[in-house]
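Numbering (the numbering used here), first residue to last: 27 to 160. Every residue gets a Cβ at the ideal spot worked out from N, C-alpha and C, and that includes glycine. Computed from a predicted structure; not experimentally measured.
Pasting the structure below:
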């Protein structure tokens, strides 16, 4: 039987350390959004201003799954009070997030090292963390 890597979610203490290790606006925007929404890294990288419901404080994601193949499943994700000002501030000035998948992965690794989290922290680990804490 082949080895299967198991992505263990972060503990609450590790998630708090990761959130507090963010130093720049972009780091807070990326890390806090992944922790508070459970978005896939590609969904975050492809986020656009048109995906935001400003009045309802929600994000509309057209992502993986659905009956018609790629990007046909629609999900509505509420904005937490922690990320709402970050998202609204960024997208009031910019049309897109402006960073790619690989940049998000590198940014997250840098913040995790700063937070002294010894195990591998990926965007998908934050997705798992969101699912167990939600």
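| In terms of alpha-carbon separation, which member of 72, 139, 76 and 68 lies closest to residue 49? | 139
| What are the partner residues of residue 79, as DSSP defines its beta bridges? | 84
| field | Residue burial classification, residue 34 (beta-carbon count within 10 angstroms, cutoff 16) | value | exposed
| request: Using the DSSP secondary-structure output, state which residues sit across from residue 101 in a beta bridge. | output: 87
| Rounded straight-line distance, which links the Cα of residue 75 to that of residue 118 | 8 Å
| Local Cβ density within 10 Å of residue 160, reported as buried at 16 or more and exposed below that | exposed
| message | Could you give the first and the last residue of the continuous alpha helix (DSSP H) run that contains residue 108? | response | Taken as a continuous stretch (DSSP letters only), residue 108 belongs to no alpha helix (DSSP H), as it is neither H nor E.
| Is the segment 35–45 touching the segment 122–131, taking contact as three or more C-beta pairs under 8 Å? | The segment 35–45, when compared against the segment 122–131, does not touch it at the 8 Å Cβ threshold.
| request: Starting from the C-beta of residue 155, find all residues in its chain whose C-beta is less than 7 Å away, skip the five residues before and the five after it, and write them out in chain order. | output: 35, 36, 41 and 61
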